[in-house]
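Chemist: One structure coming up, written as structure tokens, with questions to follow.
Number of protein chains: 2
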Amino acid sequence: MAEHECVQLVPIFSELGSEQLDTIESIVRHHHYPAGSTLFGADDPLDSLMIVANGQVKVYQLAANGREQLLYLLQTGDIDGEAALFENQRRTSFGEALVPTDVCSIRRSDFQDLMQKYPSISINVLNVFGKRLSQLERQTTSTATESVEARLANYITETAAALKTDTFKLPLKKKDLATFLGTTPESISRKLALFEHQGLITQKPGKVIEINDVDQLLLTE
Amino acid sequence: MAEHECVQLVPIFSELGSEQLDTIESIVRHHHYPAGSTLFGADDPLDSLMIVANGQVKVYQLAANGREQLLYLLQTGDIDGEAALFENQRRTSFGEALVPTDVCSIRRSDFQDLMQKYPSISINVLNVFGKRLSQLERQTTSTATESVEARLANYITETAAALKTDTFKLPLKKKDLATFLGTTPESISRKLALFEHQGLITQKPGKVIEINDVDQLLLTE
DNA sequence: ATCAGAACTTGACGGCCGTCAAGAAATTCA
DNA sequence: TGAATTTCTTGACGGCCGTCAAGTTCTGAT
Numbered sequence: 270m271a272e273h274e275c276v277q278l279v280p281i282f283s284e285l286g287s288e289q290l291d292t293i294e295s296i297v298r299h300h301h302y303p304a305g306s307t308l309f310g311a312d313d314p315l316d317s318l319m320i321v322a323n324g325q326v327k328v329y330q331l332a333a334n335g336r337e338q339l340l341y342l343l344q345t346g347d348i349d350g351e352a353a354l355f356e357n358q359r360r361t362s363f364g365e366a367l368v369p370t371d372v373c374s375i376r377r378s379d380f381q382d383l384m385q386k387y388p389s390i391s392i393n394v395l396n397v398f399g400k401r402l403s404q405l406e407r408q409t410t411s412t413a414t415e416s417v418e419a420r421l422a423n424y425i426t427e428t429a430a431a432l433k434t435d436t437f438k439l440p441l442k443k444k445d446l447a448t449f450l451g452t453t454p455e456s457i458s459r460k461l462a463l464f465e466h467q468g469l470i471t472q473k474p475g476k477v478i479e480i481n482d483v484d485q486l487l488l489t490e
Numbered sequence: 270m271a272e273h274e275c276v277q278l279v280p281i282f283s284e285l286g287s288e289q290l291d292t293i294e295s296i297v298r299h300h301h302y303p304a305g306s307t308l309f310g311a312d313d314p315l316d317s318l319m320i321v322a323n324g325q326v327k328v329y330q331l332a333a334n335g336r337e338q339l340l341y342l343l344q345t346g347d348i349d350g351e352a353a354l355f356e357n358q359r360r361t362s363f364g365e366a367l368v369p370t371d372v373c374s375i376r377r378s379d380f381q382d383l384m385q386k387y388p389s390i391s392i393n394v395l396n397v398f399g400k401r402l403s404q405l406e407r408q409t410t411s412t413a414t415e416s417v418e419a420r421l422a423n424y425i426t427e428t429a430a431a432l433k434t435d436t437f438k439l440p441l442k443k444k445d446l447a448t449f450l451g452t453t454p455e456s457i458s459r460k461l462a463l464f465e466h467q468g469l470i471t472q473k474p475g476k477v478i479e480i481n482d483v484d485q486l487l488l489t490e
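Going line by line, the protein sequences match chains F and W.
The first sequence maps to residues 270 to 490 in the working numbering.
The second sequence maps to residues 270 to 490 in the working numbering.
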């Protein structure tokens, strides 16, 4: 099993000294998942905290009608599983590696011990929760009230802003992007073609998008 | 200012003894809001934890196009504002009293002191967070992937299940229910009429609904 | 009890966007 | 590199549901 480092990646341990980090590092277990493999599924017991050491994981739910909804895209340094570190719960979502991914996990009981010892951890976990909650609130509002066109335009500008560049590669297949935005791959193709026709963006091979007119994109309704 | 009791209402303080509860009770501030009044608005500084002592508060966001999205309906004993008890943040949502409402608040610094003294509080807050997150995840998935008909059917059966009765009064105006489900008052009227026509429910005066066929309602797509 | 205003219902209409299908492009893997 | 598979694009079509409008019921304040 590859010995990838995780602990120093994660903001929730940021207040700790290197000695303490080493202690934690000795507790974690290491896992590797090939692209396309499943990390966890709905109804799995949720008994450990997961840290993405390297790679990309999509977390999604299935609706009653079988359609998929992408909730989070976990990147290097992101964590998941905090939801039930204190109560026995089962997962309600699926996790799937989009690329070869290294993951570290800490068992619930071990993590509870850590929180006893280092109270700063619980405060950091609360902050992670808070950010995730606000992000999800915005996503809910957006999918419930705005058009596909507006949601896509927003997604593009936000992604560009996060990467601090006007030209970037879409980090997801259109199918996954579609389930994230609550629409279909076809609609995304069409709207991107529309934006390009309007001169707002330029599409290049390899899912690369160049933004030509941010202001106009943001006005899209 | 009315001296309503709050502290013993709230699950986050459940592990504490009555003496400690009294201490906390002496810290909180009491507020009263008439029906229709605003408790907080977007961009307000978020510097205290809010406990609903009595009444009902709707928490909603505004989308870029001005449309409203109801995120939570706070009832007696619910709390809000945990999101930023540790980081300086501003609110991103609005809070409005739907009925005359009593609220207690605890300032951020006071709450941080409490968490230092009683670590059980932070664990309880984490659990509240977790529940809210799962609820929001389900809501996101539902509005993004299911039809208005299915969402409404689900809402009716869930509400009935929560109240443990087949006949109940809708706790919201159709306008608010519409923004909760991501649709319009007109569509809700139509779908309820459809359900009644199908014999699945019976509508009675005063927003009262009686469920006749739960199983069939749950099969609605 | 009465009345004004809000909330709700119902109808008509149209557009957004999801679905199905087929061909093009891109990616993967031997 | 080349073939197989997946992903993407584009077109045609139709239905869900949002919008506008007008009438009705409900509510709450005087």
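A virtual CB, placed ideally from N, CA and C, is assigned to each residue, including glycine.
Given the structure is predicted, the values throughout are model-derived calculations rather than measurements.
By the 10 Å Cβ neighbour count, where 16 or more other Cβ atoms means buried, how is Glu415(F) classified, buried or exposed?
Modeler: Translated into positions along the first sequence, residue 415(F) becomes position 146. When all chains shown are included, Glu415(F) counts as buried.
Chemist: Distance, Cα to Cα, Ala271(W) vs Ile293(W)?
Modeler: Taking the first residue of the second sequence as position 1, residue 271(W) is located at position 2. Taking the first residue of the second sequence as position 1, residue 293(W) is located at position 24. Reliability of the predicted coordinates at Ala271(W) is poor, the pLDDT of 46 falling under 50, and the value obtained from them is presented with this limitation in mind. Their Cα atoms are separated by approximately 17 Å.
Chemist: Evaluate the contact criterion for the stretch 354-370 of chain W versus the stretch 290-304 of chain W: three or more CB pairs, one atom per stretch, below 8 Å.
Modeler: Enough Cβ pairs lie closer than 8 Å, so yes.
Chemist: Using beta carbons (cut-off 8 Å, strictly below), is Leu383(F) in contact with chain W?
Modeler: Against the first sequence, residue 383(F) aligns to sequence position 114. Not an interface residue.
Chemist: Check the C-beta distance from Glu479(F) over to Thr489(F) and give it rounded, since I have them as a contact under 8 Å.
Modeler: As a first step, residue 479(F) must be located in the first sequence, where it is residue number 210. As a first step, residue 489(F) must be located in the first sequence, where it is residue number 220. Wrong, their Cβ atoms sit about 17 Å apart, outside the cutoff.
Chemist: With DSSP as the reference, label Glu479(W) as helix, strand or coil.
Modeler: On the second sequence, residue 479(W) is found 210 positions in, with the first residue counted as 1. Strand, per DSSP.
Chemist: Taking only the alpha-carbon atoms, compute the straight-line gap between Ser295(F) and Glu356(F) and give it to the nearest angstrom.
Modeler: Position 26 of the first sequence, counting from 1, holds the residue named residue 295(F). Position 87 of the first sequence, counting from 1, holds the residue named residue 356(F). In a straight line, the C-alpha of Ser295(F) is about 25 Å away from that of Glu356(F).
Chemist: Buried or exposed: where does Lys442(F) fall if 16 or more other Cβ atoms within 10 Å of its Cβ makes it buried?
Modeler: On the first sequence, position 173 is the one that residue 442(F) refers to. Burial call: exposed.
Chemist: Is the beta carbon of Thr489(W) within less than 7 Å of some heavy atom of the ligand COA?
Modeler: Ligands in the displayed structure: none, and consequently the ligand COA is not present.
Chemist: So Lys491(F) is in the alpha helix (DSSP H); what residue range does that whole segment cover?
Modeler: The displayed coordinates of chain F run from 270 to 490. Any statement about residue 491(F) would go beyond what the structure contains.
Chemist: If we count the other Cβ atoms within 10 Å of its Cβ and call it buried at 16 or more, is Val372(W) buried or exposed?
Modeler: Reading the second sequence from its first residue, position 103 is the one you call residue 372(W). So Val372(W) ends up on the buried side.
Chemist: Specify, as a first and last residue, the run of the beta strand (DSSP E) that Glu294(F) falls within.
Modeler: As a position in the first sequence, residue 294(F) is number 25, starting the count at 1. It is not in any beta strand (DSSP E) - Glu294(F) instead sits in the alpha helix (DSSP H) that spans 287-296.
Chemist: Which residues in the same chain as Val477(F) place their Cβ atom closer than 6 Å to its Cβ, once the five residues preceding and following it in sequence are excluded?
Modeler: Position 208 of the first sequence, counting from 1, holds the residue named residue 477(F). For Val477(F), where only same-chain residues beyond five positions count, the Cβ hits under 6 Å are Lys438.
Chemist: Between which two residues does the beta strand (DSSP E) carrying Ala364(F) extend?
Modeler: Along the first sequence, one-based indexing puts residue 364(F) at 95. First, the residue type needs correcting, since residue 364(F) is Gly and not Ala in the sequence shown. Here the beta strand (DSSP E) through Gly364(F) covers 363-366.
Chemist: In chain F, what lies closer than 8 Å to Gln485(W) by C-beta?
Modeler: As a position in the second sequence, residue 485(W) is number 216, starting the count at 1. Per Cβ cutoff of 8 Å: no residues; Gln485(W) is ~14 Å from chain F at best.
Chemist: Smallest Cα separation from Phe364(W): which of Glu288(W), Leu463(W), Val326(W)?
Modeler: Mapped onto the second sequence, residue 364(W) falls at position 95. Contrary to the premise, residue 364(W) reads as Gly rather than Phe in this sequence. Per the Cα distances, Val326(W).
Chemist: Relative to the C-alpha of Met384(F), which candidate in Asp382(W), Leu395(W), Arg376(W) has its C-alpha closest?
Modeler: Locating residue 384(F) in the first sequence gives position 115, counting from the first residue. That would be Leu395(W), whose Cα lies nearest to the Cα of Met384(F).
Chemist: Do you know how far the Cα of Pro388(F) is from the Cα of Leu446(F)?
Modeler: As a working mapping, residue 446(F) is identified with position 177 in the first sequence. As a working mapping, residue 388(F) is identified with position 119 in the first sequence. Spanning the two alpha carbons is a distance of roughly 37 Å.
Chemist: From the beta carbon of Gln330(F), is the nearest beta carbon of chain W less than 8 Å away?
Modeler: Here residue 330(F) corresponds to residue number 61 of the first sequence, with the count starting at 1. Yes, contact with chain W.
Chemist: Please list, in chain order, the chain F residues whose beta carbon lies closer than 9 Å to that of Pro388(W).
Modeler: One-based indexing of the second sequence puts residue 388(W) at position 119. Ordered by position in chain F, the residues that pass the 9 Å Cβ test against Pro388(W) are Met384, Gln385, Pro388, Ser391.
Chemist: Check whether the stretch 274-286 of chain W touches the stretch 339-347 of chain W, counting contact only when three or more Cβ pairs, one atom from each stretch, lie closer than 8 Å.
Modeler: Verdict: yes, contact present.
Chemist: Does the count of Cβ pairs from the stretch 450-469 of chain W and the stretch 419-437 of chain W closer than 8 Å reach three?
Modeler: Because the criterion of three Cβ pairs below 8 Å is met, the stretch 450-469 of chain W and the stretch 419-437 of chain W touch.
Chemist: What three-state label does DSSP hand His273(F) in the structure shown?
Modeler: As a first step, residue 273(F) must be located in the first sequence, where it is residue number 4. His273(F): coil per DSSP, three-state reduction.
Chemist: Rounded to a whole number of angstroms, what is the C-alpha to C-alpha distance between Gln358(F) and Asp435(F)?
Modeler: Within the first sequence, numbered from 1, the residue matching residue 358(F) stands at position 89. Within the first sequence, numbered from 1, the residue matching residue 435(F) stands at position 166. Looking at the two C-alpha atoms, the distance is approximately 42 Å.
Chemist: Please confirm whether Leu318(F) and Ser362(F) have their CB atoms less than 8 Å apart.
Modeler: For the purposes of this step, residue 318(F) is taken as residue 49 along the first sequence, with counting starting at 1. For the purposes of this step, residue 362(F) is taken as residue 93 along the first sequence, with counting starting at 1. No; because the gap between Cβ atoms is not below 8 Å, this pair is not in contact.
Chemist: Is Gln404(F) close to chain W, meaning its C-beta is less than 8 Å from at least one C-beta of that chain?
Modeler: Residue 404(F) sits at position 135 when you count from the first residue of the first sequence. Gln404(F) does not count as touching chain W.
Chemist: Step through the CB atoms of chain F and report whether any lies within less than 8 Å of the CB of Asn334(W).
Modeler: Taking the first residue of the second sequence as 1, we reach residue 334(W) at position 65. Answer yes: the Cβ-Cβ gap between Asn334(W) and chain F drops below 8 Å somewhere.
Chemist: Can a CB atom of chain W be found closer than 8 Å to the CB of Met270(F)?
Modeler: Looking up residue 270(F) in the first sequence gives position 1. In this prediction, Met270(F) scores a pLDDT of 44, lower than 50, which makes its location untrustworthy; the coordinate-derived value is nonetheless stated afterwards. No, because no Cβ of chain W sits closer than 8 Å to the Cβ of Met270(F).
Chemist: Output needed in chain order: residues of the stretch 405-422 of chain W with a Cβ under 8 Å from some Cβ in chain F.
Modeler: The stretch 405-422 of chain W vs chain F, Cβ under 8 Å: Leu405, Glu406, Arg407, Gln408, Thr409, Thr410, Ser411, Thr412, Ala413, Thr414, Glu415, Ala419.
Chemist: For Thr448(F), which option in Ala332(F), Phe309(F), Glu284(F) has the closest C-alpha, if you only look at C-alpha atoms?
Modeler: Counted from its first residue, the first sequence places residue 448(F) at position 179. The candidate whose alpha carbon is nearest that of Thr448(F) is Ala332(F).
Chemist: Kindly indicate which residue of Val397(F), Glu351(F), Leu402(F) has the alpha-carbon position closest to the one of Ser378(F).
Modeler: Locating residue 378(F) in the first sequence gives position 109, counting from the first residue. It is Glu351(F).
Chemist: Shorter than 8 Å from the beta carbon of Ser456(W) to some beta carbon of chain F?
Modeler: Start at 1 with the first residue of the second sequence, and residue 456(W) comes out as number 187. No, Ser456(W) does not count as interfacial toward chain F.
Chemist: Which residues, in order along the stretch 355-380 of chain W, keep a beta-carbon less than 8 Å from a beta-carbon of chain F?
Modeler: Within the stretch 355-380 of chain W, the qualifying residues are Phe355, Glu356, Gln358, Thr361, Ser362.
Chemist: Run through the DSSP bridge pairs and tell me what Leu339(F) is partnered with.
Modeler: Stepping through the first sequence from its first residue, residue 339(F) is reached at position 70. The partner list for Leu339(F) (beta bridge, DSSP) reads Tyr329(F).
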